[in-house]
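Quick notes on the structure that follows.
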């Protein structure tokens, strides 16, 4: 009887504990965007919302316009047919509303196309004051607005496996490891342009770094 009583008590306690809902949030996918190739290259960054019983929202986004520029915004017309977008250098204003009474769950709001304005830079993607979620009665819903980053990195350089802008012993070590582990083919690792990545590439890269670069030029095939 005591065992049964304990089981009943624990069951009642479990029933009486209220469920704690996860905090509503708005966030980027990917949270940290990296564009290889720098200036004049672009990447798509999605905006998502994960919330309970929301009807609409507005997003005020800021970033460094010397580093990046939003060239397009495509909203999710399926879930948010009533949407708007206004653009000015370094600022984006986005509104969205569902035609349903409300939505609960994880939904993509839309997709930003962001263009690099520099070969090498990083800018925050910040949800700033005025960004809000609303319930069906137009009351604001508390939410966690998770900022992101957008980074532009220089174009790939033949032999620069570490992508730090220089060809040095760090690249030689990485290439040797790449050969030893039979890594996948990579354009900038095939420094003798023979269609394979092997010890021939390691020797050429080593001679290029520690010897005379003019005597041992790197010759990667076109990417």
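Numbering (my numbering), first residue to last: 18 to 240.
Cβ atoms here follow ideal geometry from the backbone N, Cα and C, with glycine treated the same way.
Just so we're clear, the structure is a prediction, and the values are computed from it rather than from any experiment.
(request) Go ahead and label residue 163 buried or exposed: buried means 16 or more other beta carbons lie within 10 angstroms of its beta carbon, across all protein chains shown. (result) exposed
(message) Is it the case that the segment 44-54 contacts the segment 102-109, given that we only count it when at least three CB pairs across the two stretches are under 8 Å?
(response) no
(request) Apply the 10 Å Cβ neighbour rule to residue 200 and answer buried if 16 or more other Cβ atoms are within range, or exposed otherwise. (result) exposed
(request) Would you grab the beta carbon distance between residue 122 and residue 100 for me? Rounded to a whole angstrom, and I think it's under 8 Å. (result) Their Cβ separation, rounded to whole angstroms, is 18 Å, which puts residue 122 and residue 100 out of contact at 8 Å.
(request) To the nearest angstrom, report how far apart residue 208 and residue 187 are at their CA atoms. (result) 15 Å
(request) Measure the C-alpha to C-alpha separation of residue 247 and residue 135 and round it to an integer number of angstroms. (result) Residue numbering for the chain in the displayed model covers 18 to 240; residue 247 lies beyond these limits and cannot be assessed.
(message) Quick check for students: name the residue ranges of the beta strand (DSSP E) that lie wholly in the segment 139-200, counting only runs of 3 or more.
(response) 149-151, 165-170
(message) Taking 8 Å as the threshold (C-beta atoms), are residue 40 and residue 165 in contact?
(response) no
(request) Note down, in chain order, each residue of its chain lying with its Cβ closer than 8 Å to the Cβ of residue 233, except the 5 sequence neighbours on either side. (result) 221, 224, 225
(message) If you measure between the beta carbons of residue 66 and residue 43, is that distance less than 8 Å?
(response) yes
(request) Within its chain, find whatever has a CB closer than 7 Å to the CB of residue 112; leave out the 5 residues flanking it on each side and keep chain order. (result) 75, 100, 101
(request) Determine the direct distance from the alpha carbon of residue 83 to that of residue 145, and round the result to whole angstroms. (result) 19 Å
(request) Taking residue 140 and residue 85 to be in contact with their CB atoms under 8 Å, please state how far apart those CB atoms are, rounded to whole angstroms. (result) 5 Å
(request) Please report the residue range of the beta strand (DSSP E) in which residue 101 lies. (result) 99-105
(message) Less than 8 Å between the beta carbons of residue 205 and residue 237, yes or no?
(response) yes
(request) Return the first residue and the last residue of the beta strand (DSSP E) that residue 219 is part of. (result) Premise fails: residue 219 lies in the alpha helix (DSSP H), 216-227, not in any beta strand (DSSP E).
(message) Quick check on residue 189: buried or exposed, where buried means 16 or more other Cβ atoms within 10 Å of its Cβ?
(response) buried
(request) May I ask you to list the residues that DSSP assigns as paired with residue 61? (result) 130
(message) Using only the alpha-carbon positions, how far apart do residue 178 and residue 62 sit?
(response) 26 Å
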